[in-house]
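Enquirer: Taking my numbering, I'd label the letters of the sequence shown as residues 4 to 460. Where a beta carbon is used, it is the ideal one built from N, C-alpha and C, also for glycine.
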Amino acid sequence: MPAVFQSLLGELVTALDLSAAQAANLQVRGNDSLASCFPVSDLATAAIGVAGLAAADLLAEGAPGLPVQVDRHLAGAWFKTSLRPLGWELPAVWDPITGDYRTRDGWLRLHANAPHHRERALAVLGCANSHDAVAQAMAGGSGEDLETAIVAAGGCAAKLRTQAKWQAHPQGQAVGAEPLIAQEWTVADIASNWRPDPQRPLQGIRVLDLTRILAGPIATRLLAGLGAEVLRIDPPDWDEPAQAPEVTLGKRCARLDLRRPADRQRFEALLTSADILVHGYRADALERLGYGVAARRALNSGLIDISLCAYGWSGPWALRRGYDSLVQMSCGIAAAGRDWQGGEQPVPLPVQALDHATGYLMAAAALRGLALRQRERQAMTARLSLARTAVLLTERPGASGGPAYGGPEEGDYSETQEPTAWGPALRLRAPLRIGEVELQWQRPATRLGSATADWSR
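1) Can you tell me the Cα-Cα spacing of A424 and Q170, whole angstroms?
2) Suppose you measure from the CA of G157 to the CA of P427; what does that come to, to the nearest Å?
3) What did DSSP end up calling Y104 once you bin it into helix, strand or coil?
4) Taking the alpha-carbon of V440 as reference, which of P406, G55 and T275 has the nearest alpha-carbon?
5) Got a sec? Which residues, its chain only, sit under 8 Å from T392 by beta carbon, not counting five neighbours each side?
6) Suppose you measure from the CA of L29 to the CA of A126; what does that come to, to the nearest Å?
7) Tell me, which residues are paired with W515 by DSSP?
8) How big is the Cα-Cα spacing for L396 and A49?
9) I need the straight-line Cα distance from A58 to A138, nearest angstrom please.
10) Between which two residues does the beta strand (DSSP E) harbouring E122 extend?
11) State the Cα-Cα distance for the pair W81 and Q420, rounded to the nearest angstrom.
12) What do you get for P349, buried or exposed, if any count of 16 or more other CB atoms within 10 angstroms of its CB means buried?
13) According to DSSP, simplified to helix, strand and coil, what is G426?
14) Specify the secondary structure class of R432 as computed by DSSP and reduced to three states.
15) Should the stretch 102 to 119 be regarded as contacting the stretch 271 to 280, the criterion being three or more beta carbon pairs within less than 8 Å?
16) Check whether the stretch 182 to 196 touches the stretch 139 to 146, taking contact to mean three or more Cβ pairs, one atom from each stretch, closer than 8 Å.
17) Report yes if the C-beta of C159 is less than 7 Å from at least one heavy atom of the ligand FAD; otherwise report no.
18) How many Å lie between A385 and I307 at the Cα?
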């Protein structure tokens with residue numbers, strides 16, 4: 004395997020406290036690569052692979068002998084989209100005014116997929132809701148000033164920065180000093196007879212999913228594929244029509260308003276009875292609702308608590324709203340892509356690799372938490388961020404080797420149609436196998452809010 008892949012895998016294995024002997028059981032099939040100035044396919048393969056190693060560790064109770072197989076070609080495909088609709092189309096991924104805009108001194112990316120983010124950005128810009136109007140409003144302004152104003156108003160924007168500028172920025176320095184997976188451990192005051200099932204490793208495990216676009220839902224999708232019961236909770240007014248068919252696979256999806264006493268009571272009952280909580284809101288969001296780390300731990304001492312943020316957990320931007328495409332602009336990835344292609348406009352990664360890789364690392368952390376809770380009666384709290392995953396990638400510049408990835412092929416899809424809530428579809432075959440265990444999802448993709456907020460069993 005390429006040296007850059009070995010380097011990535013080694014860092015992930017170390018971050019999760021797995022052994023070199025366990026890592027040696029990872030087998031990679033295929034050698035094609037997504038086109039990029041960074042080793043995106045190596046990252047995809049390593050992230051999925053280390054999640055498989057964590058599952059193997061759980062199944063084998065720490066013994067190193069269980070083989071893990073990753074298909075590199077399928078890993079790249081899953082980092083883009085796993086779904087092929089049959090007779091219907093997915094909605095557009097991006098809002099019409101989401102995009103990169105030239106400013107007086109560079110480029111700024113506006114993220115306006117959420118209606119409230121769009122409204123706040125337009126209020127700052129003082130222009131109509133059209134791409135041309137936004138472009139005109141941006142053209143005369145300073146990127147730094149526009150970014151600051153839009154973010155202060157509650158919108159989402161990121162100025163194009165080089166890697167050198169990011170590394171000199173207070174936030175770049177803060178996130179660079181953070182661990183890839185920050186972990187804390189407390190005593191788990193629980194008694195459980197649960198053991199992993201040989202074919203469905205997470206059968207009987209309950210996962211409470213408080214995540215949205217995109218890393219968190221990817222994490223819980225993998226846990227569902229390993230047999231966990233995943234219940235996703237969204238607020239009453241949230242939707243993500245372009246992403247739900249991709250990421251609700253294997254899950255039940257409900258809604259709760261945590262400002263209502265009855266819904267808070269229901270949420271606390273779910274939290275008390277969950278094994279794993281995965282959440283991707285800003286660092287202070289649950290705290291403001293009265294469900295900070297201490298409150299969650301008081302409700303459930305054995306909870307495996309996995310959280311995600313965009314820009315890191317320390318530094319001046321720790322509470323900043325962000326998405327994969329914005330972090331790529333901030334941390335120098337899009338600038339490096341521009342230079343690599345020799346053009347003027349920002350060039351992002353060919354897939355939202357920060358989201359996808361971080362999602363698989365979140366799932367791997369949850370699996371490690373389960374293993375150590377079972378063996379040592381310890382409860383894990385783990386924190387990850389898109390910006391810290393970006394450090395992992397940007398420390399290793401250079402394109403992956405091997406032939407170019409040409410997209411999914413007919414044989415890459417399952418022969419069985421998936422009856423999603425939007426219509427029939429084909430899903431890519433899983434990129435991961437753990438011993439004799441194949442990922443299997445027992446529920447098709449479904450709409451947000453389509454289920455009741457309770458466990459099915």
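Expert: Straight from the coordinates:
1) Roughly 44 Å between the two C-alpha positions.
2) 38 Å
3) strand
4) G55
5) Result list for T392: L183, L357, A360, T361 and L364, in chain order.
6) If I take the Cα positions, the gap works out to 51 Å.
7) The question about residue 515 has no answer here: the residues shown for the chain are numbered 4 through 460.
8) So the two alpha carbons sit approximately 11 Å from each other.
9) 48 Å
10) First-last for E122: P118 to L128, but that is the alpha helix (DSSP H), not the beta strand (DSSP E).
11) 17 Å
12) buried
13) strand
14) coil
15) Contact fails: fewer than three Cβ-Cβ distances are below 8 Å.
16) no
17) Among the ligands in the structure shown, none appear at all, so the ligand FAD cannot be discussed.
18) 8 Å
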